[in-house]
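All residue numbers for the sequence shown refer to the numbering used here, where the first residue is 97 and numbers rise by one.
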Amino acid sequence: MTNSPIGANITNLLSQAPMIADEVKQSFGCLSPQQLNWKLHPEQWSVGQCLHHLVTANEAYFPTFEKILKGEKKATLWERMPFLPSLFGRMLINTLSPQSTRKLKAPAAFRPASSDIDVKIVADFADQQNRLIERMKASAKLKLQNIVISSPATSLVTYSLLDAYQIILVHERRHILQGQRVMELSGFPRQPSA
Numbered sequence: 097m098t099n100s101p102i103g104a105n106i107t108n109l110l111s112q113a114p115m116i117a118d119e120v121k122q123s124f125g126c127l128s129p130q131q132l133n134w135k136l137h138p139e140q141w142s143v144g145q146c147l148h149h150l151v152t153a154n155e156a157y158f159p160t161f162e163k164i165l166k167g168e169k170k171a172t173l174w175e176r177m178p179f180l181p182s183l184f185g186r187m188l189i190n191t192l193s194p195q196s197t198r199k200l201k202a203p204a205a206f207r208p209a210s211s212d213i214d215v216k217i218v219a220d221f222a223d224q225q226n227r228l229i230e231r232m233k234a235s236a237k238l239k240l241q242n243i244v245i246s247s248p249a250t251s252l253v254t255y256s257l258l259d260a261y262q263i264i265l266v267h268e269r270r271h272i273l274q275g276q277r278v279m280e281l282s283g284f285p286r287q288p289s290a
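Put into structure tokens, the structure is as follows:
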């Protein structure tokens, strides 16, 4: 997976999104349940938990995407505040990028509940990524930088729809890299158990 920054235009984002789905399938698609759920320490996340977190966090955006595409999205007070969306957007893109060394705690609603994740999480991620790509394509002709949404984690954080797409993709890269690092640990089961 490339660690180069994702360009902030819809064409570049649309080219990156399928590559991320391919990376997930290539890196994690052949893992056994044991491998998918293995973790070195109880407080660390398994590969499966990384993917479950992404699917859960990303799914929270879809109701807003649908409202925008149907022309039903109404701006909240926070979304109408000048300068806040671009400030929050840049901050989150930088903080969530794979290059960031900051440790972050996921909001409670987006934390995986357990380490017993089904192997179909890889297909679930790929399916959801296809849905995301469809929404991105459907909104490509809109003024993405001018459409402001609230973060699914907290309504006090706002950013443009273009930044939302970029936040999703850098966040995915961050946790895919985290999952790949789990697989590189010395205790990771190398052969699927029978």
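Glycine is no exception: its CB is placed at the ideal position from the N, C-alpha and C atoms.
Rounded to whole angstroms, how far is the Cβ of residue i from the Cβ of residue j, which I believe are closer than 8 Å?
i, j, result
"Ile264", "Gly144", "Not a contact, Cβ separation roughly 20 Å."
"His271", "Arg207", "That pair is no contact at about 12 Å."
"Leu252", "Ile243", "Contact flag wrong, Cβ pair sits at about 18 Å."
"Gly185", "Tyr255", "4 Å"
"Ile189", "Val266", "6 Å"
From residue i to residue j, what does the alpha carbon distance come to, in whole angstroms?
i, j, result
"Asp223", "Ile229", "10 Å"
"Ile76", "Leu165", "This structure leaves residue 76 out entirely; the chain is present only between 97 and 290."
"Phe284", "Cys126", "14 Å"
"Trp174", "Gln241", "16 Å"
"Ala219", "Ser182", "33 Å"
"Gly167", "Gln287", "50 Å"
"Ala113", "Thr191", "19 Å"
"Phe221", "Asp214", "12 Å"
"Pro138", "Ser128", "19 Å"
"Asn108", "Gln131", "33 Å"
"Met187", "Asp259", "10 Å"
"Lys170", "Ala234", "19 Å"
"Ala236", "Ser111", "13 Å"
"Gln122", "Ala153", "22 Å"
"Ile106", "Leu238", "10 Å"
"Thr172", "Arg231", "22 Å"
"Pro178", "Glu280", "44 Å"
Any idea what DSSP makes of residue i, helix, strand or coil?
i, result
"Ser246", "strand"
"Tyr261", "helix"
"Ala104", "coil"
"Ser111", "helix"
"Ser210", "coil"
"Ser256", "strand"
"Lys166", "helix"
"Leu127", "coil"
"His267", "helix"
"Ile272", "helix"
"Arg277", "helix"
"Leu188", "helix"
"Arg286", "coil"
"Gln224", "helix"
Near residue i, what residues of its chain come up, given a Cβ to Cβ distance below 6 Å and the 5 sequence neighbours on each side ignored?
i, result
"Cys146", "His271, Gln274 and Gly275"
"Ser282", "none"
"Phe124", "Val143 and Val218"
"Thr160", "Ile245"
"Glu162", "none"
"Leu180", "Thr254"
Using a Cβ-Cβ cutoff of less than 8 Å, which residues in the same chain neighbour residue i once the five nearest sequence positions on both sides are dropped?
i, result
"Lys135", "Trp141, Ser142, Gln145, Ser211 and Val278"
"Arg227", "Phe158"
"Val151", "Ile217, Asp220, Phe221 and Gln224"
Looking only at its chain, what residues have a beta carbon closer than 7 Å to the beta carbon of residue i, apart from the 5 residues adjacent to it on each side?
i, result
"Ala156", "Pro248"
"Asn133", "Ser142, Gly144, Ser211, Asp212 and Ile213"
"Arg176", "none"
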